[in-house]
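Take a look at the structure below.
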Amino acid sequence: MPKKKDEETSLSKPHSVRCRYCGQKNNVKADFKNGDAVCGKCRLPLSDEPHKKFADLNKHDYVHPADSKALAALRAIPGIDSGLRKLLAVTGESAIRVMFTASAVKVTPKQCPDLHAKLQIACTTLGVDMPELFIQQNPIVNAFTGGVDKPIIVLHSALIERLNDEETLAVIAHEVGHIHAEHVLYLTAARLIELLINGGATILLPGSEIIKLVISLGVSSALLAWARKAELSCDRAALLVTQDPHVIGRTMMKLAGGTFASKIDYDLFLEQGREFKKTLEDKALDKFWAQVVNAGRSHPFPIWRVGEILDWVETGQYQELMNKE
Ligand SMILES: [Zn+2]
Ligand SMILES: [Zn+2]
115 MPKKKDEETS LSKPHSVRCR YCGQKNNVKA DFKNGDAVCG KCRLPLSDEP HKKFADLNKH
175 DYVHPADSKA LAALRAIPGI DSGLRKLLAV TGESAIRVMF TASAVKVTPK QCPDLHAKLQ
235 IACTTLGVDM PELFIQQNPI VNAFTGGVDK PIIVLHSALI ERLNDEETLA VIAHEVGHIH
295 AEHVLYLTAA RLIELLINGG ATILLPGSEI IKLVISLGVS SALLAWARKA ELSCDRAALL
355 VTQDPHVIGR TMMKLAGGTF ASKIDYDLFL EQGREFKKTL EDKALDKFWA QVVNAGRSHP
415 FPIWRVGEIL DWVETGQYQE LMNKE
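Per the numbering used here, residue 115 is the first one in the sequence shown, and the count goes up by one each step.
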C-alpha cells in the first residue's frame with residue numbers, strides 16, 4: 115500500500131521518537147528499532163509503543179485480598195488510626211524528614227534527573243502527587259516509604275547500583291504504590307516497630323517510648339502481619355507502571371540472588387516462585403511470617419512475591435485493568 119511505503123521512506127532518515135514513559139522527544143538514527151537506545155531523560159529503553167497512564171485508578175482494582183483483609187483487621191482495633199496518626203505526626207514525620215534531609219541525597223529535576231523522571235513516570239501512571247525522593251548510602255538492597263501526610267520515598271544506594279533502569283522504575287513504582295494504596299501511615303508504624311525489635315529505633319526517634327506502648331498493646335503483630343501482605347499489592351502497582359511482568363520477575367530475582375543474578379536461570383527462578391506458592395497455603399504462611407518477625411527478619415521474600423505476581427497475571431485481572439478505558 116502506498117501509505118506504508120511513505121512511512122518506510124520517512125523512517126529511513128534520522129528522525130525523533132517520543133519516549134513511551136516520559137514523553138521526551140529523542141533523536142534517533144535512521145535504522146532505529148524500539149529498544150535500540152535509551153531515552154535521554156528517563157534512561158529507560160526508548161520505544162514508541164503506547165504506555166498506559168491510569169486516569170482514575172481505584173486501589174480496590176489491584177489491592178491484594180490478603181492486604182485488604184489484614185488492613186480491615188488492623189483498622190478494627192479501637193483508636194488505632196487516630197492514635198498512630200497523632201503519634202507519628204508529632205514525632206515520626208518531622209524526625210524522618212529531618213533525618214533524611216540531613217543524611218541522604220535529595221533527588222530533584224537537576225540532582226539525579228533520570229531518577230526524578232522515573233518517579234514522575236510512576237506518579238503520573240498511577241495518579242499520585244509527587245513525594246520527595248531521597249538516595250541514602252546503604253549496603254542493604256532496600257527501599258521504603260514513610261511519613262504521615264507528606265510521604266517520602268528513600269532508595270538505598272545498593273539498590274540503584276544493582277538494578278538496571280527498568281528494575282529501578284519497578285522499585286520506585288512499588289513505593290509510589292504504597293502511597294496510592296494509602297499504606298503509608300501503617301507502614302511507617304510497622305517499620306518503626308521492626309526497628310525497635312531490632313534495637314535500632316531508640317537512636318532514631320523521640321517517639322519510641324510511645325511505640326513501645328503500641329507494642330505492649332498487641333497492635334504490633336497485626337501491623338507486621340499486614341505489612342507483609344501490603345507488599346503484594348504494591349508489586350501489582352509496580353506492574354501497572356512497568357507494564358511488563360518480567361521486569362518485576364527480574365527485579366525479584368536480583369533481590370533474591372544479588373549481583374550473582376546474571377548467572378541465574380530466570381525461567382527456573384519463576385518455577386521456584388510458582389512451586390513456593392503451591393506448597394505453602396495462606397494459613398501456613400501466616401504462621402511462617404510470625405516466626406520470621408520474631409526472629410527479627412523483616413525483609414519481604416522475593417520468591418513468594420514473584421509467585422504472587424505471576425498468579426495475578428494468570429487470573430487475567432492485570433490485563434483487564436490494562437484494557438479498561
Ligand atoms: Zn523517557
Ligand atoms: Zn513495599
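Glycine is no exception: its CB is placed at the ideal position from the N, C-alpha and C atoms.
Residue i versus the options, residue with shortest Cα-Cα distance
i	options	result
residue 237	276, 369, 294, 269	294
residue 154	171, 165, 136	136
residue 195	415, 299, 369	299
residue 253	264, 340, 269	269
residue 277	391, 134, 392, 257	257
residue 215	197, 249, 348	249
residue 181	337, 132, 169	337
residue 362	419, 231, 132	419
Helix, strand or coil at residue i [DSSP, three-state]
i	result
residue 431	helix
residue 225	coil
residue 347	helix
residue 138	coil
residue 159	strand
residue 249	strand
residue 143	coil
residue 408	Note that residue 408 scores a pLDDT of 49, beneath 50, so its modelled location is shaky; the value from the coordinates is reported in the next line. Helix at residue 408.
residue 123	In this predicted model, residue 123 has a pLDDT of only 49, less than 50, meaning its place in the structure is not dependable; the value taken from the coordinates is given anyway. Three-state DSSP puts residue 123 in a helix.
residue 166	coil
residue 438	coil
residue 197	helix
residue 117	For residue 117, the predicted model reports a pLDDT of 47, less than 50, meaning its position is unreliable; a value from the coordinates is still stated below. Helix at residue 117.
residue 423	helix
Cα-Cα separation between residue i and residue j, rounded to whole angstroms
i	j	result
residue 271	residue 251	5 Å
residue 167	residue 159	18 Å
residue 417	residue 233	26 Å
residue 213	residue 247	13 Å
residue 146	residue 140	11 Å
residue 260	residue 267	7 Å
residue 209	residue 162	43 Å
residue 346	residue 165	23 Å
residue 340	residue 185	6 Å
residue 437	residue 335	38 Å
residue 380	residue 364	7 Å
residue 235	residue 244	10 Å
residue 318	residue 303	Only weak support exists for where residue 318 lies, its pLDDT of 48 falling under 50; the value from the coordinates is given anyway. Approximately 13 Å between the Cα atoms of the pair.
residue 371	residue 275	14 Å
Where the beta strand (DSSP E) containing residue i begins and where it ends
i	result
residue 132	129 to 132
residue 270	266 to 270
residue 257	257 to 260
Short Cβ contact (8 Å threshold) for residue i with residue j
i	j	result
residue 171	residue 273	no
residue 378	residue 366	no
residue 440	residue 426	Missing from the structure shown is residue 440; the chain here goes from 115 to 439 and no further.
residue 301	residue 344	yes
residue 422	residue 392	no
residue 424	residue 387	yes
residue 356	residue 280	yes
residue 255	residue 369	yes
Unbroken alpha helix (DSSP H) run spanning residue i, endpoints
i	result
residue 387	380 to 393
residue 291	279 to 294
residue 362	359 to 371
Considering only heavy atoms of ligand 4, list every residue whose Cβ is less than 5 Å from one of them, following chain order. No copy of ligand 4 appears in this structure; the ligands present are ligand 1 and ligand 2.
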